[in-house]
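A short write-up of the structure that comes next.
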Amino acid sequence: MEETAMKKITYAATAALAAGVLGAGALSTLSPVWAAPGPAGAAVTTPTPGYGPGGPGAGMGPGWDGNGPGAGMRAGMGAGGGACPLGADVASGTLTAAQRTTLAAMAEEEKLAHDLYQVFADQYDAVVFERIAAAETRHLATVRMLLDRYGINDPTVGLALGQFAAADVQATYEAYLRDGNASLSAALGVGEKVERADIAALEKAQDGLAAADVELVYQHLLMASQHHLAAFTR
């Protein structure tokens, strides 16, 4: 009975966080699974520098990826280099060599999305790009925390906007950028392609995972990409 109730609380918190209605501070009251101290040590909550504008504090903040009606796409959206607090009680696990490579690739995918949307935000009068670019900054910060936990080199560290370590990612970015430069409609189409690719990659990445923290982050990122896709296609 108690286990069932705990699962319902955890699911509600996960869904609310991805939908943009739950701030980082609310985790302690809504989800004991995340808030209680665990055996693995202190929570990793160090803010990681992002690419967006500076904002107060660390954490994802309210309105992580919501696209509901109201003032703008997300009311009270946190900005800048916030980090997703992964509590110590969200257990680490074991990653295969392929899964470690995939996690590093996720950082490049988040940076690719951010960098494209930031360029389009500067080019077009469409708030959707600015707001989703800010969300991608926080997503990248979260992935970087996992890279640090598992001792995986971050392929995005120190790279400027539009610069990537992997040649194929660089080529993909440049192709998407050329397409999006044609018009606002084309840029929105690029956003749709990026989010569909992210959804497919995240769904595949969850297969065979034996690391609860990585799986949790992938689930959050998947729901966020689904929200972003809805914003680009509405």
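Read in order, the letters of the sequence shown are residues -35 to -1, 1 to 199 in mature numbering (1 follows the signal peptide of the UniProt record, and there is no 0). No residue lacks a Cβ here, since even glycine has one placed at the ideal position from N, Cα and C. Every value quoted in this text rests on a predicted model; they were computed, and no experiment measured them.
For residue i, collect the residues of the same chain with a Cβ closer than 6 Å to its Cβ; drop the 5 residues on either side in sequence, then sort them by chain order.
i, result
"Thr198", "Glu157"
"Gln83", "Ala98"
"Gly127", "Asp80"
"Gly145", "Phe85, Ala151, Ala152, Val155"
"Gln64", "none"
Would you report the Cα separation of residue i and residue j, rounded to the nearest angstrom?
i, j, result
"Asp133", "His104", "21 Å"
"Gln135", "Ala177", "31 Å"
"Tyr89", "Leu149", "6 Å"
"Gly116", "Ala70", "14 Å"
"Ala62", "Ala131", "18 Å"
"Val159", "Ala56", "30 Å"
"Met110", "Ala152", "30 Å"
"Ala100", "Arg143", "23 Å"
"Thr66", "Leu60", "9 Å"
"Glu139", "Ala189", "24 Å"
"Arg114", "Ala162", "26 Å"
"Gln191", "Tyr141", "19 Å"
"Ala(-18)", "Ala147", "Only weak support exists for where Ala(-18) lies, its pLDDT of 42 falling under 50; the value from the coordinates is given anyway. Taking the straight line joining both Cα atoms gives about 32 Å."
"Gln184", "Asp172", "12 Å"
"Ala91", "Phe129", "26 Å"
Is the separation between the beta-carbon of residue i and that of residue j shorter than 8 Å?
i, j, result
"Leu186", "Leu174", "no"
"Val179", "Leu81", "no"
"Val108", "Glu75", "yes"
"Leu124", "Ile164", "no"
"Ala170", "Val93", "no"
Leaving aside the five residues before and after residue i along the sequence, list all residues of the same chain whose C-beta is less than 7 Å from its C-beta, in chain order.
i, result
"Leu112", "Leu68, Ala69, Ala72, Asp119"
"His79", "Tyr16, Ala98, Glu101, Thr102, Leu105"
If residue i and residue j are in contact, beta carbons under 8 Å, what's the gap, nearest whole angstrom?
i, j, result
"Thr137", "Leu181", "Actually they do not touch by this definition, with Cβ atoms about 27 Å apart."
"Glu95", "Ala106", "Not quite, the Cβ-Cβ distance comes to about 18 Å (not below 8 Å), so this is no contact."
Please find out if some non-hydrogen atom of the ligand NAD comes closer than 7 Å to the beta-carbon of residue i.
i, result
"Ala86", "Judged by which ligands are present, the structure shown has none, so any question about the ligand NAD falls away."
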